[in-house]
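Asker: Residue numbers (the numbering used here), protein chains in the order written: chain A, 60 to 472; chain B, 60 to 472.
Backbone N, C-alpha and C fix where the C-beta goes; we use that ideal spot for every residue, glycine too.
Just dropping this structure here.
There are 2 protein chains.
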Amino acid sequence: MKNNLAKVSRSRSVNAAVANSNLKLAVAKTPEALAPDHSRIISYLEAHKPATPCLVVDLSIVAGKYGDLRAALPAAEIFYAVKANPAPEILDRLVALGSSFDTASAGEIRQVLAAGAKPARISFGNTIKKPADIAFAHAVGVDLFAFDSEAELRKIAQHAPGARVFCRILVEGKGALWPLNKKFGCAPEMAADLLVGAAKLGLVPHGVSFHVGSQQLDPAQWGNAIAEAKWVFDRAAEQGVTLRMVDLGGGFPATYGPGVPTVAAYGAAIGRALKASFGAGQPEIIIEPGRYMVGDAGVLETEVVLVSQKSYDDDRRWVYLDVGRFGGLAEVEGEAIRYRIRPVGESAAPEAPVVLAGPTCDSADILYDKAGYTLPSDLESGDRLRLYSTGAYTTTYSAVNFNGFDPLRAIYI
Amino acid sequence: MKNNLAKVSRSRSVNAAVANSNLKLAVAKTPEALAPDHSRIISYLEAHKPATPCLVVDLSIVAGKYGDLRAALPAAEIFYAVKANPAPEILDRLVALGSSFDTASAGEIRQVLAAGAKPARISFGNTIKKPADIAFAHAVGVDLFAFDSEAELRKIAQHAPGARVFCRILVEGKGALWPLNKKFGCAPEMAADLLVGAAKLGLVPHGVSFHVGSQQLDPAQWGNAIAEAKWVFDRAAEQGVTLRMVDLGGGFPATYGPGVPTVAAYGAAIGRALKASFGAGQPEIIIEPGRYMVGDAGVLETEVVLVSQKSYDDDRRWVYLDVGRFGGLAEVEGEAIRYRIRPVGESAAPEAPVVLAGPTCDSADILYDKAGYTLPSDLESGDRLRLYSTGAYTTTYSAVNFNGFDPLRAIYI
Numbered sequence: 060m061k062n063n064l065a066k067v068s069r070s071r072s073v074n075a076a077v078a079n080s081n082l083k084l085a086v087a088k089t090p091e092a093l094a095p096d097h098s099r100i101i102s103y104l105e106a107h108k109p110a111t112p113c114l115v116v117d118l119s120i121v122a123g124k125y126g127d128l129r130a131a132l133p134a135a136e137i138f139y140a141v142k143a144n145p146a147p148e149i150l151d152r153l154v155a156l157g158s159s160f161d162t163a164s165a166g167e168i169r170q171v172l173a174a175g176a177k178p179a180r181i182s183f184g185n186t187i188k189k190p191a192d193i194a195f196a197h198a199v200g201v202d203l204f205a206f207d208s209e210a211e212l213r214k215i216a217q218h219a220p221g222a223r224v225f226c227r228i229l230v231e232g233k234g235a236l237w238p239l240n241k242k243f244g245c246a247p248e249m250a251a252d253l254l255v256g257a258a259k260l261g262l263v264p265h266g267v268s269f270h271v272g273s274q275q276l277d278p279a280q281w282g283n284a285i286a287e288a289k290w291v292f293d294r295a296a297e298q299g300v301t302l303r304m305v306d307l308g309g310g311f312p313a314t315y316g317p318g319v320p321t322v323a324a325y326g327a328a329i330g331r332a333l334k335a336s337f338g339a340g341q342p343e344i345i346i347e348p349g350r351y352m353v354g355d356a357g358v359l360e361t362e363v364v365l366v367s368q369k370s371y372d373d374d375r376r377w378v379y380l381d382v383g384r385f386g387g388l389a390e391v392e393g394e395a396i397r398y399r400i401r402p403v404g405e406s407a408a409p410e411a412p413v414v415l416a417g418p419t420c421d422s423a424d425i426l427y428d429k430a431g432y433t434l435p436s437d438l439e440s441g442d443r444l445r446l447y448s449t450g451a452y453t454t455t456y457s458a459v460n461f462n463g464f465d466p467l468r469a470i471y472i
Numbered sequence: 060m061k062n063n064l065a066k067v068s069r070s071r072s073v074n075a076a077v078a079n080s081n082l083k084l085a086v087a088k089t090p091e092a093l094a095p096d097h098s099r100i101i102s103y104l105e106a107h108k109p110a111t112p113c114l115v116v117d118l119s120i121v122a123g124k125y126g127d128l129r130a131a132l133p134a135a136e137i138f139y140a141v142k143a144n145p146a147p148e149i150l151d152r153l154v155a156l157g158s159s160f161d162t163a164s165a166g167e168i169r170q171v172l173a174a175g176a177k178p179a180r181i182s183f184g185n186t187i188k189k190p191a192d193i194a195f196a197h198a199v200g201v202d203l204f205a206f207d208s209e210a211e212l213r214k215i216a217q218h219a220p221g222a223r224v225f226c227r228i229l230v231e232g233k234g235a236l237w238p239l240n241k242k243f244g245c246a247p248e249m250a251a252d253l254l255v256g257a258a259k260l261g262l263v264p265h266g267v268s269f270h271v272g273s274q275q276l277d278p279a280q281w282g283n284a285i286a287e288a289k290w291v292f293d294r295a296a297e298q299g300v301t302l303r304m305v306d307l308g309g310g311f312p313a314t315y316g317p318g319v320p321t322v323a324a325y326g327a328a329i330g331r332a333l334k335a336s337f338g339a340g341q342p343e344i345i346i347e348p349g350r351y352m353v354g355d356a357g358v359l360e361t362e363v364v365l366v367s368q369k370s371y372d373d374d375r376r377w378v379y380l381d382v383g384r385f386g387g388l389a390e391v392e393g394e395a396i397r398y399r400i401r402p403v404g405e406s407a408a409p410e411a412p413v414v415l416a417g418p419t420c421d422s423a424d425i426l427y428d429k430a431g432y433t434l435p436s437d438l439e440s441g442d443r444l445r446l447y448s449t450g451a452y453t454t455t456y457s458a459v460n461f462n463g464f465d466p467l468r469a470i471y472i
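Have a look at this one:
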């Protein structure tokens with residue numbers, strides 16, 4: 060077996076509790092984000108009545124989100140998380156706006172380069188990479204790589220010699236609707252040792268990243284994580300290694316419903332946390348928004364294929380749509396992400412409870428059973444519904460051809 | 060609102076308990092299926108070393124399964140559930156063997172016709188169909204349609220006038236690894252009324268279908284369902300409608316591990332149940348195997364991208380593969396379907412516990428965390444693993460390009 064590059068150094072004293080209590084105070088008065096303006100998309104849908112299911116994405120909303128986030132966190136370099144929606148139209152627009160890009164694979168790097176992004180604007184942010192893909196990224200000029208283990212660090216040292224590397228740490232992400240688990244990141248003490256080891260392997264130990272959980276509704280959650288990052292900076296400095304960058308990850312929310320703080324509130328909370336932990340010696344900051352940037356920009360129109368009841372005493376109707384979990388709505392798993400769903404056109408009928416399901420013969424293809432959705436009681440086969448804020452993590456989750464259904468179609472306006 | 064076509068008729072007296080207790084007795088001595096012979100696939104993999112991830116399917120295993128099932132249930136017409144794996148190579152082979160086909164969509168009907176199947180051999184088995192797709196099926200000569208609601212029945216009457224229809228009923232499917240829920244089927248009393256109504260709409264009320272749950276490991280589960288079907292036959296007969304067919308659905312298992320009864324045991328249990336419920340007046344029988352027919356025929360070879368630990372005191376390694384939940388292994392959801400996973404080549408190292416995860420940046424892309432998998436302690440990046448009995452519900456569940464990764468590639472030999 061290989062020698063452990065990292066040494067054990069467990070003593071830790073993060074002063075996070077103090078910083079965190081200050082942040083909690085700030086959250087109480089957090090302003091709420093306004094519902095996105097989907098009027099351009101609605102006009103398009105009314106004018107073109109596209110075959111369903113169909114996602115329509117308004118690129119001007121993407122641009123607006125980019126601008127709002129820049130204003131809220133002016134010190135941060137924005138690396139768009141391509142996996143949220145890699146459509147060329149979105150990548151082109153973001154390249155034009157000056158965005159950088161967080162990529163998950165060689166495939167995504169190719170897509171971003173094809174959109175005209177400079178390699179210096181690309182981070183290979185997946186901590187799980189094949190050697191050939193690292194070598195490809197290095198060959199095309201990508202110089203920033205994530206890792207969270209010694210084995211990955213050694214791969215990067217071999218196939219992207221001299222590159223800048225950052226280590227993802229495990230943090231607790233309370234309050235996220237799509238909480239992360241231990242799949243990514245390592246303990247901060249291991250991170251510090253590995254970053255010190257990176258220099259010995261000829262790499263540039265650049266910084267620390269974390270993720271506080273997707274659709275994170277509590278801006279205060281960045282406070283503890285930033286304090287952990289500072290702890291890693293200090294441990295590395297004690298061993299003669301100067302770190303420069305903190306990657307605040309993603310987690311910035313789409314406006315699925317009420318209760319979502321403004322991006323300005325996130326910016327303010329993060330600014331306070333950075334000041335509390337780093338004081339005058341502020342690090343370089345990067346962020347990796349995906350859902351925030353494109354979620355609100357999309358509306359998915361779907362057709363009701365069937366409305367039925369299972370027995371004479373059933374108190375809920377089953378409403379089957381022409382899109383489901385395997386046609387793009389994978390994120391309904393667990394029913395945590397709850398899209399706003401409304402019928403097209405007016406109905407005077409009262410609302411009544413429904414179970415919403417997809418069109419496949421798969422019994423797991425149920426969208427919302429426990430979430431308490433209601434729809435007009437006169438809804439019937441052929442009616443159309445709209446699912447709002449569906450621009451992120453929909454098209455690419457689509458199955459290739461499950462049950463013989465085509466992948467989700469998308470139109471970018 | 061429309062008038063209810065179906066009348067309420069709730070009195071029921073299924074004598075299922077007696078039949079069921081007899082069947083339970085039979086299960087105790089059920090013989091176990093042998094592990095499938097993957098030697099042709101292994102030879103292919105050794106000779107060609109295909110780029111991973113790659114599924115290799117042995118068509119001779121599919122043919123063997125078809126033959127075994129015919130022998131076990133000689134009275135049944137086999138409708139292959141195309142959704143399990145719609146590869147043209149599989150459809151071609153099954154057409155040549157004389158199989159019929161259960162389809163979920165117009166797309167699948169096109170695929171089956173392209174393989175040379177006669178329309179009379181095709182059932183449109185999805186209870187959720189768009190009017191245009193019903194009309195398409197009718198136009199190309201498909202004459203057998205599933206339904207489980209009045210709204211669907213009216214659609215079929217309008218767009219496939221004169222067709223044969225069968226009603227899916229809700230049954231309890233205990234003992235299935237991928238249990239069904241209420242998404243499909245209606246209460247038997249409603250089914251009886253709707254089948255009687257079908258005749259009034261100009262359709263041919265043909266029979267009853269059910270599904271006892273996918274990967275159903277208890278052959279006795281068909282007993283209750285068959286008794287329910289007989290109850291519907293009797294209620295329809297009382298109203299002057301003669302039903303002819305019982306569709307026993309799918310649920311026949313792949314050999315993921317020990318404890319799987321032989322298909323002969325299923326045939327015997329089903330034969331006894333049919334005799335107990337229907338006596339001398341046996342109905343036409345159809346079955347819809349999907350997983351059973353192609354699951355064992357596939358082996359998926361994957362590469363280990365990374366082996367890591369999250370902290371110095373972590374007692375399990377994380378093993379990241381180049382295939383995950385969004386690249387074809389969707390059925391690991393909930394960790395009920397547990398594929399046999401073994402490394403390629405010999406290792407003298409002891410086995411040690413692992414968490415298995417996919418290559419995407421998605422924290423939900425974890426294959427097995429709680430299932431207790433172990434792998435050799437010297438496993439490292441670049442090693443290959445094989446996942447056995449992965450021929451069903453893998454290729455078509457693949458996402459189009461999630462995280463920039465290509466869909467699962469498959470080779471048919």
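Apart from the five residues on each side of it in sequence, which residues of its chain come closer than 7 angstroms, Cβ to Cβ, to I201 of chain A?
Answerer: Residue identity check: residue 201 of chain A is Val in the sequence provided, not Ile. If we look at V201 of chain A and ignore the five residues flanking it on each side, its Cβ neighbours are I168, P178, I181, F183.
Asker: Give, in chain order, every unbroken run of the beta strand (DSSP E) that is at least 3 residues long and sits entirely within the region 99 to 143 of chain A.
Answerer: The qualifying runs are 113 to 116, 135 to 140.
Asker: F464 of chain B CB to nearest chain A CB: under 8 angstroms?
Answerer: Yes, contact with chain A.
Asker: Given that a residue counts as buried once 16 or more other Cβ atoms are within 10 Å of its Cβ, and exposed if not, what is K369 of chain B?
Answerer: Answer is buried; the Cβ neighbour count reaches 16.
Asker: Expressed to the nearest angstrom, what Euclidean distance is found between the alpha-carbon atoms of D355 of chain B and D381 of chain B?
Answerer: Computed Cα separation, rounded: 21 angstroms.
Asker: So which of A:G383, A:D151, A:A196, A:R294 has the shortest CA-CA distance to A176 of chain A?
Answerer: Here the closest residue by C-alpha is A:D151.
Asker: What does the alpha-carbon distance come out to for the pair V403 of chain B and L444 of chain B?
Answerer: Taking the straight line joining both Cα atoms gives about 5 angstroms.
Asker: Alpha carbon to alpha carbon, what distance is there between T361 of chain A and G310 of chain A?
Answerer: Each residue's Cα considered, the two are about 27 angstroms apart.
Asker: Considering only C-alpha positions, which residue in the set B:Y139, B:H265, B:V378 is nearest to E211 of chain A?
Answerer: When only C-alpha atoms are compared, the closest one is B:V378.
Asker: Count the other CB atoms, across all protein chains shown, that sit within 10 Å of the CB of K334 of chain B; report buried if there are 16 or more and exposed otherwise.
Answerer: Result: exposed.
Asker: State buried or exposed for H270 of chain B, treating a residue as buried only when at least 16 other CB atoms are found within 10 Å of its CB.
Answerer: The residue is buried, with at least 16 neighbouring Cβ atoms inside 10 Å.
Asker: Starting from L287 of chain B, trace the alpha helix (DSSP H) both ways and give me its first and last residue.
Answerer: The sequence as given places Glu at residue 287 of chain B; Leu does not occur at that position. Segment 280 to 297, the alpha helix (DSSP H) holding E287 of chain B.
Asker: With respect to the alpha helix (DSSP H) encompassing Y325 of chain B, which residues constitute its N-terminal and C-terminal limits?
Answerer: Note, Y325 of chain B: alpha helix (DSSP H), 322 to 337.
Asker: With DSSP collapsed to three states, give me the class of Y456 of chain B.
Answerer: Here Y456 of chain B sits in helix by DSSP.
Asker: Secondary structure at F269 of chain A, three-state DSSP: helix, strand or coil?
Answerer: Reduced to three states, the DSSP call for F269 of chain A is coil.
Asker: Which value, in whole angstroms, describes the spacing of the CA atoms of K242 of chain A and N185 of chain A?
Answerer: Spanning the two alpha carbons is a distance of roughly 11 angstroms.
Asker: Take A458 of chain A and list the residues in its own chain whose beta-carbon comes closer than 6 angstroms to its own, dropping the five residues that flank it on each side.
Answerer: Hits under 6 angstroms: F385.
Asker: Determine the chain A residues that contact K429 of chain B at a beta-carbon separation under 7 angstroms, and present them in chain order.
Answerer: Per Cβ cutoff of 7 angstroms: no residues; K429 of chain B is ~12 angstroms from chain A at best.
Asker: From T419 of chain A to N240 of chain B, what does the alpha carbon distance come to, in whole angstroms?
Answerer: Each residue's Cα considered, the two are about 14 angstroms apart.
Asker: Can you pull out the residues from the region 159 to 172 of chain A whose beta carbon lies closer than 9 angstroms to at least one beta carbon of chain B?
Answerer: Listed in sequence order: D161, T162, A163, S164, A165, G166, E167, I168, R169, Q170.
Asker: Where D373 of chain A and M249 of chain B are concerned, what is the direct C-alpha to C-alpha distance, given to the nearest angstrom?
Answerer: Cα to Cα, D373 of chain A sits roughly 11 angstroms from M249 of chain B.
Asker: Identify the residues that DSSP records as bridge partners of S159 of chain A: which are they?
Answerer: DSSP output for S159 of chain A lists A:F138 as bridge partner(s).
Asker: Give a yes or no on whether the minimum CB-CB distance between I120 of chain B and chain A is below 8 angstroms.
Answerer: So, not an interface residue.
Asker: In or out: E347 of chain A buried (at least 16 other Cβ within 10 Å) or exposed?
Answerer: With 16 or more other Cβ atoms within 10 Å, it is buried.
Asker: Taking the alpha carbon of I396 of chain B as the reference point, which residue from B:V364, B:Y371, B:K429, B:L438 has its own alpha carbon closest?
Answerer: When only C-alpha atoms are compared, the closest one is B:K429.
Asker: Can you check whether the C-beta of F183 of chain B is within less than 8 angstroms of a C-beta belonging to chain A?
Answerer: Chain A contact via Cβ: absent.
Asker: Starting from E211 of chain B, trace the alpha helix (DSSP H) in both directions and tell me its first and last residue.
Answerer: Counting along the chain, the alpha helix (DSSP H) containing E211 of chain B begins and ends at 209 to 218.
Asker: In the structure shown, what three-state DSSP assignment does E410 of chain A receive?
Answerer: Three-state result, E410 of chain A: strand.
Asker: Rounded to whole angstroms, what's the CA-CA distance from G33 of chain B to I344 of chain B? Just pull it up for me.
Answerer: Past the boundaries of the shown model lies residue 33 of chain B; chain B is included only from 60 to 472, so the question cannot be answered.
Asker: CA-CA distance, A135 of chain B and H107 of chain A?
Answerer: Cα to Cα, A135 of chain B sits roughly 48 angstroms from H107 of chain A.
Asker: Show which residues of chain A have a CB atom less than 7 angstroms away from the CB atom of M249 of chain B.
Answerer: Neighbours of M249 of chain B on chain A, chain order: S370, Y371.
Asker: Using the rule of at least 16 other Cβ atoms within 10 Å of the residue's Cβ for burial, across every protein chain shown, is I285 of chain B buried or exposed?
Answerer: Buried, since its Cβ has 16 or more Cβ neighbours within 10 Å.
Asker: Quick one: which residues of the region 200 to 214 of chain A get their C-beta closer than 8 angstroms to a C-beta of chain B? List them in chain order.
Answerer: Per Cβ criterion, the list reads D207, S208, E209, A210, E211, K214.
Asker: Counting only Cβ pairs nearer than 8 angstroms, list the residues of chain A close to F385 of chain B.
Answerer: Result: A389, Y456.
Asker: If you count every other CB in all the chains shown that lies within 10 Å of the CB of D207 of chain A, and 16 or more means buried, which is it?
Answerer: Result: buried.
Asker: Alpha carbon to alpha carbon, what distance is there between T162 of chain A and L104 of chain B?
Answerer: Taking the straight line joining both Cα atoms gives about 31 angstroms.
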